[in-house]
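Everything below concerns the one structure shown next.
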Amino acid sequence: MELSNRQEKIVEIVKENGPITGENIADSLNLTRATLRPDLAILTMAGFLDARPRVGYFYTGKTGSELLTEKLKKLKVSDYNSIPIVVEENISVYDAICSMFLDDVGTLFVVNKHAMLAGVLSRKDLLRASMGKQDLTSVPVHIIMTRMPNITICKKGDLLIDAAQKLIDKQIDALPVVQDVNDGYEVIGRITKTNITKALVALGRDEHL
1 MELSNRQEKI VEIVKENGPI TGENIADSLN LTRATLRPDL AILTMAGFLD
51 ARPRVGYFYT GKTGSELLTE KLKKLKVSDY NSIPIVVEEN ISVYDAICSM
101 FLDDVGTLFV VNKHAMLAGV LSRKDLLRAS MGKQDLTSVP VHIIMTRMPN
151 ITICKKGDLL IDAAQKLIDK QIDALPVVQD VNDGYEVIGR ITKTNITKAL
201 VALGRDEHL
């Protein structure tokens with residue numbers, strides 16, 4: 001978060017004189033308390049300052065990068081997961097390729113007849129299958145997909161940074177977001193590299209955080 005000149009002055013005043021009341025800060029800047037109120041609210045919500053009733057404002061001692069890291073570590077998968085693209089395990093490789101193209105995704109999640117997660121299809125899986133001489137309309141995706149339990153998953157309550165680490169460690173493009181149902185997993189979302197990028201951009205711009 002980039003501070004305005006006035007906000008930087010407020011932080012310096014609080015750092016040197018805190019705890020200090022809003023009125024005293026306003027006096028130091030020759031401004032009214034009402035004029036200063038939005039800046040104080042922003043600095044408090046951002047974590048640069050803290051406030052205590054009948055005591056005043058004081059400096060938290062945290063740098064911008066430290067505050068950024070703290071916010072990043074609080075983001076959950078549920079904050080940024082998107083709608084999953086799901087296909088049934090008996091559809092053909094050809095139909096899966098069409099689905100991936102039409103939905104503009106890099107990963108498809110495959111479910112069984114009980115609508116539980118059974119596998120994952122990546123672009124590489126479909127490309128590898130298409131390089132052979134077999135008829136793609138007759139080959140079901142369950143033949144080429146990565147199967148459970150060799151699928152890396154995440155859940156809505158997981159930290160986004162942990163999901164990002166799984167993408168890096170496994171060198172994959174997407175994770176299914178699942179919830180436990182009986183003896184299996186129901187696919188309720190997806191986390192992709194694009195989701196992670198959106199979170200970082202929003203964090204850098206301090207949007208919706």
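Just so you know, we're using full-length UniProt numbering here: the sequence shown kicks off at 1 and counts up by one.
Beta carbons are placed, not taken as given, at the ideal position from N, Cα and C, and that holds for glycine.
In the structure shown, L117 falls within a strand segment according to DSSP collapsed to helix, strand and coil. For K73, the closest alpha carbon among the candidates I172, A174, A163 is that of A163. For F58, the secondary structure class from DSSP, reduced to helix, strand or coil, is strand. Take the alpha-carbon of I10 and the one of T21: they are about 11 Å apart. The three-state reading of DSSP puts V105 in coil, since its state is none of H, G, I, E or B. In the three-state reduction of the DSSP assignment, G204 falls in the helix class. Cβ-Cβ separation between A51 and T44: approximately 6 Å, consistent with a contact (criterion under 8 Å). Taken through DSSP and simplified to helix, strand or coil, K76 comes out as strand. Taking C-beta atoms under 8 Å as the contact rule, L167 and K198 fail to qualify, at a distance of about 14 Å.
Residue range 174 to 181 is occupied by the beta strand (DSSP E) that includes P176. The bridge partners DSSP lists for I20 are Y57.
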